[in-house]
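Take 16 as the starting number for the sequence shown in my numbering and just add one per residue. Heads up, the beta-carbon is just placed ideally off N, CA and C, and yes, glycines get one too. The model shown is predicted, which means the values in this text are computed figures rather than measured ones.
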Amino acid sequence: MGKRRLESRLILVIAAWMWAQPAWAGPEFSPSLVGMYRKSMQVEAPLFSAAGRHGLDPRLARALILHQSGGNDAIVSASGELRRNAYLPTASEPAPADTAAANLEAGIRRFAELAERLGRHDYALAAYVGGPQVLASQPALPLSVLHDVMQIEQYKSVLRLHEAEIRREAESLRLRRVQPGENWASVARTTGVSEFLLRLYNPVLAAHQLHPGMLLVAPDPRAPAVLEVNGTTLSYTSRIGDSTLNLARAFGVDRDTLRQDNNLWYLQQLAAGQPLSIHLPDHSPSSPVRLAASAPGAGLQPHTVRAGETLSHIALRYDTSVRTLMRTNRLSTSRIVAGQQLWIPDRRARPRVAQRPRLHTVRRGDTLSHLAQRYDTSVRALMRVNRLGSSLLRIGKILRIPDQV
């Protein structure tokens with residue numbers, strides 16, 4: 016049952032996505048796709064060698080890398096561990112191999128074994144990303160696994176049609192390794208591009224704190240703008256190869272919220288030329304205060320971490336909170352190292368933002384807890400400001416969002 020539904024959904028959805036692509040005179044490609052492709056170029060020799068040994072289409076092999084690791088040789092696992100040479104992590108061999116070639120060989124071999132046993136590449140992709148049990152134990156394939164399969168197939172289709180053009184664009188990108196003490200803000204200043212744009216070209220790393228040795232790509236700072244920010248709303252027009260997953264990572268928003276705000280269904284692949292409106296959290300690096308290409312935002316002051324310092328000590332010194340420091344510096348953990356640069360909110364220079372109250376119109380699926388998390392407030396504050404007697408919300412109700420405290 017799961018296999019038949021997978022086959023029928025793939026045919027319908029991918030056909031619809033290909034039909035929806037506009038006939039542009041000159042295709043514009045997803046910054047995320049081009050950035051990931053540039054990184055994958057670093058390991059083409061061992062990747063294609065492994066693909067050849069196991070009878071795998073080189074484009075499918077590259078599509079696997081793009082989806083699984085974004086072409087990154089060092090990524091942070093779900094447990095927070097920095098994994099080296101983690102190009103193709105597999106469910107059966109979760110520990111990264113000692114070398115890139117060994118890791119790629121293990122991943123390609125694993126996929127080839129699944130393809131031979133199951134007889135189809137789409138079934139093998141589902142088993143690779145979700146585990147072999149998803150094809151046997153489920154009455155229907157989980158939507159998350161189906162989405163991953165479709166995304167890999169989309170990458171392969173885009174490469175088949177446009178790889179030469181994507182490669183030319185990727186070759187113009189600059190590569191650099193993260194140095195000790197660097198973070199997203201400092202790398203953005205060094206490269207001369209906005210922090211948001213840097214994250215957009217490095218989507219898989221965007222949700223993580225940077226570690227020394229990580230590989231980043233950066234575009235030419237003179238390149239045309241690809242987005243527009245107005246307050247906490249970002250406008251972006253999708254390009255060939257874009258995905259809701261990578262855009263959500265780069266923008267720092269929840270993927271379901273991005274879909275809901277733009278009337279996208281769960282399995283919908285983005286057609287090139289589709290206008291998107293993304294509501295950014297106030298602490299997003301792409302808010303106007305942080306979007307300037309090479310200068311820190313107003314109301315922020317730098318602090319270089321010294322030996323023995325902790326976030327608690329720094330928060331106490333500057334009369335702020337650990338949570339605020341982590342949010343401002345996009346830290347996923349409270350661990351810091353000597354030499355690392357942090358940005359400290361300056362209480363004296365903190366900009367006064369709201370001349371008018373922030374409002375939110377309740378949509379289907381909204382809850383007070385989700386809204387509190389989205390606007391960095393609390394359920395109690397929302398109920399107090401809006402004089403709510405219960406946590407139940409009515410679609411269409413306008414809520415006032417309290418100022419952050």
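Could you tell me which residues DSSP pairs with residue i in its beta bridges?
| i | result |
| --- | --- |
| I413 | T376 |
| H318 | L357 |
| N401 | Per DSSP, none; premise fails for N401. |
| L231 | R191 |
| F211 | According to DSSP, F211 bridges with nothing at all. |
| F44 | I255 |
| N118 | BP columns for N118 are empty, so no partner. |
| V244 | L249 |
Classify residue i as buried or exposed, calling it buried when 16 or more other Cβ atoms lie within 10 Å of its own Cβ.
| i | result |
| --- | --- |
| L414 | buried |
| I80 | buried |
| L326 | buried |
| Y281 | exposed |
| R254 | buried |
| R409 | exposed |
| Q316 | exposed |
| T392 | buried |
| N344 | buried |
| L150 | buried |
| R175 | exposed |
| T319 | exposed |
| R192 | exposed |
| L340 | buried |
| R77 | buried |
| N278 | exposed |
| A40 | Residue confidence is low: A40 scores 36 on pLDDT, short of 50, so the model does not pin down where it sits. Its coordinate-derived value is still stated next. That one is exposed. |
| R321 | exposed |
| S11 | Residue 11 is absent from the model: the chain starts at 16 and stops at 420. |
| R402 | exposed |
| D334 | exposed |
| Q166 | buried |
| P45 | The question names Pro, but residue 45 in the sequence shown is Ser. Buried, because 16 or more other Cβ atoms sit within 10 Å of the Cβ of S45. |
| P109 | Note on P109: pLDDT 46, under 50, position unreliable in the model; the coordinate value appears next. So P109 counts as exposed. |
| H328 | exposed |
| P218 | buried |
| E59 | exposed |
| A155 | exposed |
| N245 | exposed |
Check each candidate in the options and name the one with the smallest Cα separation from residue i.
| i | options | result |
| --- | --- | --- |
| R395 | A155, I416 and L79 | I416 |
| L212 | V49, L408 and P157 | V49 |
| K412 | R399, R379 and D391 | R379 |
| E168 | A287, G404 and A139 | A139 |
| Q283 | L374, S159, Q356 and G145 | S159 |
| A130 | V337, R98 and L71 | L71 |
| Q275 | L291, F266, A179 and H226 | L291 |
| A265 | A221, V193, F126 and L190 | A221 |
| E197 | S406, N245 and Q355 | Q355 |
| L383 | S406, N401, L374 and T376 | S406 |
| S209 | P236, S187 and H162 | P236 |
| H385 | V337, E128 and D271 | D271 |
| V352 | Y216, H226 and G207 | H226 |
| A117 | M56, F44 and A65 | A65 |
| R182 | M56, L346 and Y333 | M56 |
| S172 | D257, P157, P147 and V244 | D257 |
| T248 | N261, V268 and L230 | V268 |
| A101 | D163, A155 and M229 | M229 |
| V10 | R389, D381 and L374 | Shown here, the chain extends from 16 to 420; a query on residue 10 therefore has no answer. |
| Q289 | L262, H136, V244 and Y251 | Y251 |
Need the endpoints of the alpha helix (DSSP H) that residue i sits in, please.
| i | result |
| --- | --- |
| P147 | Run containing P147: none; DSSP gives neither H nor E here. |
| A65 | E59 to R68 |
| T205 | W199 to T206 |
| Y170 | L158 to A185 |
| H328 | L326 to R332 |
In the DSSP assignment, find the unbroken beta strand (DSSP E) run with residue i in it and report its ends.
| i | result |
| --- | --- |
| V268 | Neither: V268 is in no beta strand (DSSP E) and is coded neither H nor E. |
| R98 | L97 to R99 |
| P73 | Unbroken run through P73 is the alpha helix (DSSP H), P73 to Q83; no beta strand (DSSP E). |
| H294 | P290 to H294 |
| V91 | A89 to V91 |
| T339 | That residue, T339, is in no beta strand (DSSP E); its alpha helix (DSSP H) goes V337 to T343. |
Is there at least one Cβ from chain D nearer than 7 angstroms to residue i's Cβ?
| i | result |
| --- | --- |
| N278 | Annotation note: the requested chain D is absent from the structure, which comprises a single protein chain. |
Please find out if some non-hydrogen atom of the ligand FMN comes closer than 6 angstroms to the beta-carbon of residue i.
| i | result |
| --- | --- |
| L331 | No copy of the ligand FMN appears in this structure; indeed no ligand is present at all. |
Open item on the list: With three or more C-beta pairs closer than 8 angstroms as the rule, is the region 198–205 touching the region 72–90?
Closed with: At 8 angstroms Cβ cutoff, the stretches do not touch.
TODO: Flag this pair as touching only if the region 237–255 and the region 50–60 have three or more C-beta atom pairs under 8 angstroms; answer yes or no.
DONE: The region 237–255 is not in contact with the region 50–60.
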